Amino acid sequence: MATASFSSQRRRLAGEIRQQFVADAVLTMSEIVEAVQQRLRTLMDEAAPSREMQVRRDAWTFYQRHRHTWREATAKAWNEALVPPATPSRKEDAPDFGGLSLVGNDVVENKILASRMVLRVMDKVSAELDDLRLRIRYLEDSDDLDRQDILRPDVLVLILVEEWAASGMPSGSWPLINDAVQLLLSERLKKAYQRGNRTLIDKGVMPTIELKDRVKRASPQAGAPRAFP
């Protein structure tokens, strides 16, 4: 009974860290909305070929209408991702013919845009994320974060990009604001991961991470447990 209670306590703490992380991300979303506004305003003031200027004007016009929808929908989706779906989404349930799923062009494009941003974000946050990943693995006695875990940058960023399109923004407008979003998001996610690590350290979860901890990815149960209240 004591062991079960201890395990429940650890998992509850891991859940609290995810909630803290999402709360930090939601606060960042307000900053992102303003950064995008500034970026689009700057682009409107810069000279460009007529076709490009039309793309910029369309993006500016639609953003004035839909930026609040984007912010609120993204925040809502991030919070919903705290509880992964028990069954595959309809996207994952798409008909499969000979191993080839029918996936819409917009879905593919969103994933491409998100994956490019994630690569750049990871350059900034990888060290802090790796430490937090180890601590969460210890708390949950798992091999790794779930593929749909909101702590993963690819999950969080894909939602951000998907909600941009879903909010009503014109197709092809994301590249206009990608760099501004990526820069701010990288900085804020790094701080969010650092905060998560500090919270766990303060609670006695793996106060020091050693090399042997990093090489036990395939065996999270190996070795003596770390200090934990």
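In this text, residue positions in the sequence shown follow the working numbering: the first is 513, and each later residue adds one. Where a beta carbon is used, it is the ideal one built from N, C-alpha and C, also for glycine. Note that the structure is a prediction, hence the values are computed from the model and not measured.
Taken atom to atom, the span from the alpha-carbon of Arg-583 to that of Val-545 is near 7 Å. Under the three-pair Cβ rule at 8 Å, the region 554-565 does not count as touching the region 659-666.
Short of 7 Å from the beta carbon of Ile-721, and not among the five residues preceding or following it, lie these beta carbons of its own chain, in chain order: Asp-643 and Leu-646. Per DSSP, Gln-576 is one residue of the alpha helix (DSSP H) stretching across 562-592. One Cα belongs to Leu-651, the other to Gln-531, and the distance between them is close to 15 Å.
The beta carbons of Lys-702 and Val-595 sit no closer together than 7 Å. If you look at Gln-694, you'll find it in the alpha helix (DSSP H) that goes 686-714. For Ala-639, the enclosing alpha helix (DSSP H) begins and ends at 617-652. In this structure, DSSP gives Gln-660 a state outside helix and strand, which the three-state scheme calls coil. For Asp-725, the uninterrupted alpha helix (DSSP H) segment begins and ends at 723-726.
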